[in-house]
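For the record, the sequence lines run as chains W and Z. Using the working numbering, read the first sequence as starting at 689 and increasing by one per residue. Using the working numbering, read the second sequence as starting at 689 and increasing by one per residue. Don't be surprised by glycine CBs; every beta carbon is placed ideally from N, CA and C. Structure first, then comments.
2 protein chains.
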Amino acid sequence: MKILILGGDGFCGWPTALRLSKSGYEITIIDNLSRRKIDKELKSNSITDIASIEDRISTAKQYGMDIKFLNIDITDYNALYHNVKTIKPDAIIHFAEQRAAPYSMISNKERRYTVDNNIINTHNILNSIVDIDKNIHLVHLGTMGVYGYSKDFGDIPEGYLNVKINSTQKDVDILYPTNPGSVYHMTKSIDQLLFQFYNKNWNLKITDLHQGIVWGTQTEETSLDKKLVNRFDYDGIYGTVLNRFISQVATGNDLTVYGTGGQKRAFIHIQDTAKCIELAVNNPPSDTNKVRIFNQVSEVKSVKELAETLTKENGSISYVDNPRKELKENDLSVKNDGLKSLGFKPITLSESLINDVKFIAKEMKKNLKKENILTSPRW
Amino acid sequence: MKILILGGDGFCGWPTALRLSKSGYEITIIDNLSRRKIDKELKSNSITDIASIEDRISTAKQYGMDIKFLNIDITDYNALYHNVKTIKPDAIIHFAEQRAAPYSMISNKERRYTVDNNIINTHNILNSIVDIDKNIHLVHLGTMGVYGYSKDFGDIPEGYLNVKINSTQKDVDILYPTNPGSVYHMTKSIDQLLFQFYNKNWNLKITDLHQGIVWGTQTEETSLDKKLVNRFDYDGIYGTVLNRFISQVATGNDLTVYGTGGQKRAFIHIQDTAKCIELAVNNPPSDTNKVRIFNQVSEVKSVKELAETLTKENGSISYVDNPRKELKENDLSVKNDGLKSLGFKPITLSESLINDVKFIAKEMKKNLKKENILTSPRW
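Next up, the structure:
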């Protein structure tokens, strides 16, 4: 089975590429290395010393993972089209979007880059599938952030919400009314509309994975060799909350909690990201009457709970003003039956958290720039 | 009051610019003249002989309508930003989108142009407002096509649908679950998400006008002089259904009805378009907690009814295969209380239809190319 991974050099893309290659899929990565360029722009860095893409590819080969790499910007439709036509993939996995909420809220430049890049990329991919082979299964990384956190809507279902239309008393499933919290999250809401229409009009086979906040660094495959190490972001722009906490603990600093810490969020370990995507690819949707939407999450925790788990033995918490516009506190309960029905067994926080803290502390202490931790823009 | 009209050279934009100028507003038009370029690309034409934008502007001046014109492509953010900053408008009226469903379904090139152009334009406008003056009132031309035509949802409300969430038994108003029928209509659904987020995060003052199918040619102002005449599209790509019918009757040809003609749609006369926009501009929303959405429609008719009205005295109907994916028949009832509450008194079909037929027949018979009528792509 041939798989094209768009954005395969990134935090989720790289471990997924390794995992699927290890499992025997024929993998091609397309990436324009934009995430590495943004590191330079922000004067930030991965705490881990990530190898160049060339070194990653040649090292993977030594371990029997034969991955092809193409440096292409897929906002260029013709380049994308040509390569999809040549590769003839069975599935395309789409990570090729700017993925940091804080980055998308810095200024008009980043807002526009995020919208232009993400929407053009998603739309170009859909067009290449329509024009080349409507049977290609598209697997897209969405986000839990499309849902918003309103109490009125109850437990978060997988993509579709059952409602009664008051004027007609009809019960219907509708695409969950989206309420994104940043320009980045909004682009994933927009992706949903693109998928809905392209599925309706051309019956495309699409799986949208609404992923929780990813944490952790290493997977079985990235641990095989120093040169396969995954990136680990700790800064206020790209570092997800738990990874920021881990790096703060590992370097003997206070944990900085935004607001009260009463925000509940859904989390998933990076190893599970790769596993879930393998499950989705391996089990394409049989019903193409609508877009298949799964919640790709392992568990729900409040930000405060996370901070307290991490400071149980040592370290302390420092509460700072929340730079984001979001509810101070919220309840959250998320369904993840879809991936579980395919065999997903989540890694929960307690099991492996401690390994990551030790790994980050021991190997990477030298790379943390403290001034990069509280760099989130306010919105 | 200063008003910036984006796309002010087009079918709706030009009569609106004249109307508002006549009413005493200070008008600047920004347009990249893309609609004129597409005419050349499609080897099609307006049945009316439209003047160059320069002639339009200088003629308008002779009648006391002093309109400024700038030839700018607003996908160029810096150019847009610079001009919004210089002009300091109180309101921006946004017509600057590719607006033909059939055009947006021709091939990947037109699909991509429609999405890239429409989304980048809308997003650039929102960014210029955030960066320059959050009090600028944005008036956007949406479409009834965002709603879709499902029976289950009852009468079409103005943008928001009242539903009961079955899991919590809460009654809430949600943004109407969108179900666009073409890539073009989908871009207006996407615009809704952009508006929702920019309104939520920066409290922007936005009116989204979901317009019905526009028909007619002339308004009081465009009738003042030959050189002010509005464009009139009759072809299978840009001609809206009633205008295609009018031109077929006027030139002694059969009316071509797609499918059974049982599709019910909402209509509005071009003169009412300009009036409604004036009402919206004159009465900005007082509540900025959500986007204000009005349905800009005068009446509902089935395609068959339209055809029969037009062929009552002479002419005949020819039923052709429907090139579109849409319901064969549907019921439709649309609320338009918002604009009516501001004073809107719709022109209905019977009153002025006959004037347009005569006008088109007498003045413009020479310009109709019959081979352009059945040019719609299939989708």
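Let me know the secondary structure DSSP gives Asp743 of chain W once reduced to three states. Numbered from 1 along the first sequence, position 55 holds the residue referred to as residue 743 of chain W. Reduced to three states, the DSSP call for Asp743 of chain W is helix.
Do we get a CB-CB distance below 7 Å when we pair Thr875 of chain Z with the residues of chain W? The residue you call residue 875 of chain Z lines up with position 187 of the second sequence. False, the Cβ-Cβ gap to chain W never drops below 7 Å.
When the distance is taken between beta carbons, is His782 of chain W closer than 7 Å to Ile813 of chain W? The residue given as residue 813 of chain W occupies position 125 in the first sequence. The residue given as residue 782 of chain W occupies position 94 in the first sequence. Closer than 7 Å, so yes.
Out of curiosity, what's the CA-to-CA distance linking Gln936 of chain Z and Glu729 of chain W? One-based indexing of the second sequence puts residue 936 of chain Z at position 248. One-based indexing of the first sequence puts residue 729 of chain W at position 41. Cα-Cα distance, rounded: 59 Å.
For the alpha helix (DSSP H) holding Ile1061 of chain W, just list the boundary residues, first then last. Here residue 1061 of chain W refers to the residue found at position 373 when the first sequence is read from its first residue. Unbroken run through Ile1061 of chain W: none, as it is neither H nor E.
Where in the segment 829-909 of chain Z do unbroken runs of the alpha helix (DSSP H), each at least 4 residues long, occur, reported from the N-terminal end onward? 871-890
Mind the definition here: the segment 900-911 of chain W touches the segment 1001-1017 of chain W only if three or more C-beta pairs lie below 8 Å; say whether that holds. no
Using DSSP with H/G/I as helix, E/B as strand and the rest coil, what is Lys776 of chain Z? Stepping through the second sequence from its first residue, residue 776 of chain Z is reached at position 88. Coil at Lys776 of chain Z, not helix or strand.
What would DSSP say about Ser1004 of chain Z, mapped onto helix, strand or coil? To locate residue 1004 of chain Z, count along the second sequence from 1; it is residue 316. Note: Ser1004 of chain Z maps to coil in three-state DSSP.
For Ser986 of chain W and chain Z, any beta-carbon pair shorter than 7 Å? By one-based count along the first sequence, residue 986 of chain W stands at place 298. With 7 Å as the cut-off, Ser986 of chain W does not count as an interface residue toward chain Z.
Secondary structure at Asn977 of chain W, three-state DSSP: helix, strand or coil? Taking the first residue of the first sequence as position 1, residue 977 of chain W is located at position 289. Asn977 of chain W falls in the coil class under three-state DSSP.
Tell me the rounded alpha-carbon separation between Arg980 of chain W and Ala779 of chain W. Counted from its first residue, the first sequence places residue 980 of chain W at position 292. Counted from its first residue, the first sequence places residue 779 of chain W at position 91. One C-alpha to the other measures close to 15 Å.
Are there three or more Cβ pairs, one per stretch, closer than 8 Å when the segment 753-762 of chain W is compared with the segment 704-721 of chain W? yes
Quick one: residues in its chain with C-beta nearer than 8 Å to the C-beta of Glu1001 of chain Z, no 5 flanking neighbours on either side, listed in chain order? Reading the second sequence from its first residue, position 313 is the one you call residue 1001 of chain Z. Closer than 8 Å at Cβ, skipping near neighbours: no residue.
Meets three-Cβ-pair contact criterion under 8 Å: the segment 907-927 of chain Z and the segment 834-848 of chain Z: no
Taking all protein chains shown into account, do 16 or more other C-beta atoms lie within 10 angstroms of the C-beta of Ser990 of chain Z, making it buried, or fewer, making it exposed? Sequence index remark: in the second sequence, residue 990 of chain Z carries index 302 (1-based). The residue is buried, with at least 16 neighbouring Cβ atoms inside 10 Å.
Just checking: is the beta-carbon of Thr657 of chain W within a distance shorter than 7 Å of some beta-carbon in chain Z? Past the boundaries of the shown model lies residue 657 of chain W; chain W is included only from 689 to 1067, so the question cannot be answered.
From Asn796 of chain W to Gly927 of chain W, what distance separates their C-alpha atoms? Working through the first sequence from its first residue, we reach residue 796 of chain W at position 108. Working through the first sequence from its first residue, we reach residue 927 of chain W at position 239. Approximately 21 Å between the Cα atoms of the pair.
Where Pro972 of chain W and Asn823 of chain W are concerned, what is the direct C-alpha to C-alpha distance, given to the nearest angstrom? Sequence index remark: in the first sequence, residue 972 of chain W carries index 284 (1-based). Sequence index remark: in the first sequence, residue 823 of chain W carries index 135 (1-based). If you take the alpha carbons of Pro972 of chain W and Asn823 of chain W, they lie about 10 Å apart.
Would you list the residues sitting across from Phe955 of chain W in a DSSP beta bridge? For the purposes of this step, residue 955 of chain W is taken as residue 267 along the first sequence, with counting starting at 1. Answer by DSSP bridge pairing, in chain order: W:Ile901 and W:Glu987.
Short-range partners of chain Z found in the segment 1012-1024 of chain W, where Cβ spacing is below 7 Å: Lys1013
Return the CA-CA distance between Lys876 of chain W and Ala1049 of chain Z, expressed in angstroms with no decimal places. As a first step, residue 876 of chain W is located in the first sequence; it is residue number 188 there, counting from the start. As a first step, residue 1049 of chain Z is located in the second sequence; it is residue number 361 there, counting from the start. One C-alpha to the other measures close to 49 Å.
Candidates Z:Ile808, Z:Leu829 and Z:Ile807, of which the one nearest Cys700 of chain Z by Cα: Within the second sequence, residue 700 of chain Z is the residue found at index 12, counting from 1. Of Z:Ile808, Z:Leu829 and Z:Ile807, the residue nearest in Cα terms is Z:Leu829.
Checking the sheet assignment: what are the DSSP bridge partners for Asp719 of chain W? Translated into positions along the first sequence, residue 719 of chain W becomes position 31. Per DSSP, W:Asn759.
Per-residue burial, Gly940 of chain W [other beta carbons within 10 Å of its own, 16 or more giving buried]: As a first step, residue 940 of chain W must be located in the first sequence, where it is residue number 252. Exposed, by the Cβ-count rule.
In chain Z, what lies closer than 9 Å to Ile853 of chain W by C-beta? For the purposes of this step, residue 853 of chain W is identified with residue 165 of the first sequence, where counting begins at 1. Going along chain Z in sequence order, the residues near Ile853 of chain W (Cβ under 9 Å) are Asp840, Phe841, Gly842, Leu849, Asn850, Val851 and Lys852.
Could you list which residues in chain Z have their beta carbon closer than 9 Å to that of Arg800 of chain W, in chain order? Residue 800 of chain W sits at position 112 when you count from the first residue of the first sequence. Simply Tyr765, Ile808, His811, Asn812 and Asn815.
What residues from chain Z crowd round Pro865 of chain W, counting only those whose CB sits closer than 8 Å? Here residue 865 of chain W refers to the residue found at position 177 of the first sequence. Per Cβ cutoff of 8 Å: Ile862, Leu863 and Pro865.
Looking only at its own chain, which residues have a Cβ that is under 6 Å from the Cβ of Val1020 of chain W, when we skip the five neighbours before and after it? Sequence index remark: in the first sequence, residue 1020 of chain W carries index 332 (1-based). A small fix is needed here, since residue 1020 of chain W is Leu in this sequence, not Val. Correct list, in chain order: Lys952 and Val988.
Let me make sure I understand the geometry here. Which of Z:Leu930, Z:Ile762 and Z:Asn891 has the alpha-carbon closest to that of Ser1038 of chain Z? Here the question's residue 1038 of chain Z lines up with position 350 in the second sequence. Cα-wise, what sits closest to Ser1038 of chain Z is Z:Leu930.
To the nearest whole angstrom, what separates the beta carbons of Tyr864 of chain W and Leu881 of chain W, a pair I think is in contact under 8 Å? Along the first sequence, read from residue 1 onward, the residue named residue 864 of chain W stands at position 176. Along the first sequence, read from residue 1 onward, the residue named residue 881 of chain W stands at position 193. With a Cβ gap of about 12 Å, Tyr864 of chain W and Leu881 of chain W do not count as contacting.
Taking just the CA atoms, how far does Ile878 of chain W sit from Glu714 of chain Z? For this step, residue 714 of chain Z is matched to residue 26 along the second sequence. For this step, residue 878 of chain W is matched to residue 190 along the first sequence. Using only the alpha carbons, I get a separation of about 35 Å.
DSSP state of Phe933 of chain Z, grouped into three classes? As a working note, residue 933 of chain Z is residue 245 in the second sequence. Reduced to three states, the DSSP call for Phe933 of chain Z is helix.
To be precise: take each residue of the segment 747-780 of chain W, compare its Cβ to all Cβ atoms of chain Z, and keep it if any distance is under 7 Å. Which residues remain? Tyr765
At a cut of 8 Å, does the segment 885-897 of chain W reach the segment 942-959 of chain W through at least three beta carbon pairs? no
Whole-angstrom Cβ separation of Gln984 of chain W and Ile958 of chain W, contact assumed at under 8 Å? Here residue 984 of chain W refers to the residue found at position 296 of the first sequence. Here residue 958 of chain W refers to the residue found at position 270 of the first sequence. Incorrect: roughly 12 Å between the Cβ atoms, too far for contact.
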